[in-house]
Amino acid sequence: MAIAKAHRLFLETPMQLTMLKSKLHRACVTHAELDYEGSCAIDSELLERAGILEFEQLHIYNLTNGERFTTYAIPAEPGSRIISVNGAAAHKAAPKDRLIICTYVALTEAEARMHQPRLVYCNARNEVTGTGHKITAQAA
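Just so we're on the same page, this note's numbering is the position in the sequence shown counted from 1, plus 22.
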(Lines of atoms letter the chains of each structure in order from A and count residues from 1; the text may use other names and numbers.)
(Lines give C-alpha, C1' and ligand atoms only; values in the text may rest on other atoms or scores of the structure.)
Protein backbone atom coordinates (compact mmCIF):
# COMPACT_ATOMS: atom_id res chain seq x y z
CA MET A 1 0.00 0.00 0.00
CA ALA A 2 2.79 2.43 0.89
CA ILE A 3 4.50 1.77 -2.45
CA ALA A 4 1.28 2.48 -4.37
CA LYS A 5 0.78 5.72 -2.42
CA ALA A 6 4.38 6.80 -3.05
CA HIS A 7 4.01 6.00 -6.76
CA ARG A 8 0.76 8.02 -6.98
CA LEU A 9 2.41 10.94 -5.17
CA PHE A 10 5.35 10.74 -7.59
CA LEU A 11 3.00 10.85 -10.60
CA GLU A 12 1.08 13.83 -9.14
CA THR A 13 4.21 15.85 -8.37
CA PRO A 14 4.95 18.35 -11.14
CA MET A 15 8.01 17.25 -13.09
CA GLN A 16 10.91 19.71 -13.16
CA LEU A 17 12.67 20.15 -16.49
CA THR A 18 16.09 21.78 -16.82
CA MET A 19 15.83 24.42 -19.53
CA LEU A 20 18.28 26.88 -21.07
CA LYS A 21 17.85 30.20 -19.24
CA SER A 22 20.44 32.31 -21.05
CA LYS A 23 23.39 32.09 -23.38
CA LEU A 24 26.33 34.26 -24.40
CA HIS A 25 27.16 32.77 -27.80
CA ARG A 26 30.74 32.91 -29.13
CA ALA A 27 32.03 35.17 -26.36
CA CYS A 28 35.78 35.69 -26.67
CA VAL A 29 38.13 35.03 -23.73
CA THR A 30 40.14 38.14 -22.88
CA HIS A 31 41.97 36.77 -19.81
CA ALA A 32 42.79 33.41 -18.21
CA GLU A 33 43.93 34.11 -14.65
CA LEU A 34 45.15 30.96 -12.88
CA ASP A 35 45.94 32.75 -9.60
CA TYR A 36 42.62 34.60 -9.35
CA GLU A 37 39.85 33.19 -7.15
CA GLY A 38 37.91 30.69 -9.28
CA SER A 39 35.06 32.06 -11.34
CA CYS A 40 34.35 33.70 -14.67
CA ALA A 41 34.41 37.49 -14.75
CA ILE A 42 32.05 38.85 -17.40
CA ASP A 43 31.44 42.47 -18.39
CA SER A 44 28.47 43.44 -16.22
CA GLU A 45 26.66 44.88 -19.27
CA LEU A 46 26.82 41.43 -20.91
CA LEU A 47 25.60 39.82 -17.68
CA GLU A 48 22.62 42.16 -17.65
CA ARG A 49 21.80 41.60 -21.34
CA ALA A 50 21.80 37.83 -20.76
CA GLY A 51 20.00 37.99 -17.41
CA ILE A 52 22.87 36.29 -15.59
CA LEU A 53 23.22 37.09 -11.88
CA GLU A 54 26.39 37.47 -9.85
CA PHE A 55 27.38 34.05 -8.45
CA GLU A 56 24.99 32.22 -10.80
CA GLN A 57 26.26 28.85 -11.98
CA LEU A 58 27.69 28.86 -15.50
CA HIS A 59 28.20 26.00 -17.90
CA ILE A 60 30.97 26.94 -20.30
CA TYR A 61 31.63 25.20 -23.60
CA ASN A 62 34.93 26.10 -25.26
CA LEU A 63 34.49 26.06 -29.04
CA THR A 64 38.23 26.38 -29.60
CA ASN A 65 39.45 23.32 -27.70
CA GLY A 66 36.30 21.34 -26.83
CA GLU A 67 36.62 21.76 -23.05
CA ARG A 68 33.41 21.89 -21.02
CA PHE A 69 33.35 23.12 -17.41
CA THR A 70 31.19 24.63 -14.69
CA THR A 71 31.95 27.72 -12.62
CA TYR A 72 30.07 30.85 -11.48
CA ALA A 73 29.68 34.41 -12.72
CA ILE A 74 31.27 37.50 -11.22
CA PRO A 75 30.90 40.97 -12.73
CA ALA A 76 33.70 42.71 -14.58
CA GLU A 77 33.77 46.44 -15.18
CA PRO A 78 30.83 47.61 -17.31
CA GLY A 79 31.82 48.29 -20.90
CA SER A 80 35.18 46.51 -20.51
CA ARG A 81 34.08 43.54 -22.67
CA ILE A 82 36.08 41.30 -20.30
CA ILE A 83 35.54 37.55 -20.30
CA SER A 84 38.08 36.24 -17.78
CA VAL A 85 38.26 32.54 -16.97
CA ASN A 86 39.80 32.27 -13.51
CA GLY A 87 41.25 29.75 -11.08
CA ALA A 88 41.50 26.09 -12.08
CA ALA A 89 39.24 26.73 -15.10
CA ALA A 90 42.03 28.91 -16.55
CA HIS A 91 43.62 25.61 -17.63
CA LYS A 92 40.59 25.08 -19.90
CA ALA A 93 40.60 28.38 -21.79
CA ALA A 94 43.07 30.86 -23.22
CA PRO A 95 42.75 34.41 -24.52
CA LYS A 96 41.04 34.49 -27.93
CA ASP A 97 39.22 31.17 -27.34
CA ARG A 98 35.55 31.38 -28.28
CA LEU A 99 33.03 30.21 -25.65
CA ILE A 100 29.37 29.44 -25.28
CA ILE A 101 28.40 30.48 -21.74
CA CYS A 102 25.05 29.08 -20.57
CA THR A 103 22.80 29.16 -17.55
CA TYR A 104 19.92 26.81 -16.89
CA VAL A 105 16.70 26.94 -14.86
CA ALA A 106 14.38 24.24 -13.44
CA LEU A 107 10.78 24.72 -14.57
CA THR A 108 7.58 22.73 -14.48
CA GLU A 109 6.44 21.37 -17.83
CA ALA A 110 3.78 24.10 -18.06
CA GLU A 111 6.36 26.82 -17.31
CA ALA A 112 8.83 25.26 -19.75
CA ARG A 113 6.28 25.43 -22.57
CA MET A 114 6.02 29.22 -22.06
CA HIS A 115 9.72 29.84 -21.33
CA GLN A 116 11.95 31.77 -23.72
CA PRO A 117 15.70 31.87 -23.08
CA ARG A 118 17.73 35.06 -23.43
CA LEU A 119 20.24 34.57 -26.24
CA VAL A 120 23.05 37.08 -26.70
CA TYR A 121 25.40 36.80 -29.69
CA CYS A 122 28.91 38.27 -29.47
CA ASN A 123 31.64 39.10 -31.95
CA ALA A 124 35.40 38.67 -31.33
CA ARG A 125 35.45 41.98 -29.38
CA ASN A 126 32.56 40.82 -27.13
CA GLU A 127 30.26 43.39 -28.66
CA VAL A 128 26.63 42.30 -28.91
CA THR A 129 25.77 41.54 -32.53
CA GLY A 130 22.27 40.27 -31.84
CA THR A 131 19.82 38.95 -29.29
CA GLY A 132 16.92 36.57 -29.43
CA HIS A 133 14.75 33.97 -27.75
CA LYS A 134 14.74 31.17 -30.34
CA ILE A 135 17.40 29.13 -32.09
CA THR A 136 16.84 28.54 -35.79
CA ALA A 137 16.01 24.93 -36.63
CA GLN A 138 19.00 23.03 -37.94
CA ALA A 139 18.59 22.10 -41.59
CA ALA A 140 19.63 18.79 -43.09
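The beta carbon of each residue, even a glycine, is placed where N, CA and C say it ideally should be.
Counting every other CB atom within 10 Å of its CB across the protein chains shown gives ARG30 a total below 16, marking it as exposed. Shown here, LEU69 sits in a helix according to DSSP, grouped into three states. With a cutoff of 9 Å on beta-carbon distance, ALA63 and ALA98 are scored as near each other. Secondary structure at ILE157: coil, using DSSP grouped into helix, strand and coil.
Within the same chain, THR52, HIS53, ALA63, ILE64, ASP65, ALA98, ASN148 come within 8 Å of ILE104 by CB-CB distance, once the 5 residues on both sides are set aside.
The Cβ atoms of CYS50 and ASN145 lie closer than 9 Å to each other.
The count of Cβ pairs closer than 8 Å, one atom from the region 125 to 139 and one from the region 69 to 82, reaches three, so the stretches are in contact. Within 10 angstroms of the beta-carbon of ASN87 lie fewer than 16 other beta-carbons, which makes it exposed.
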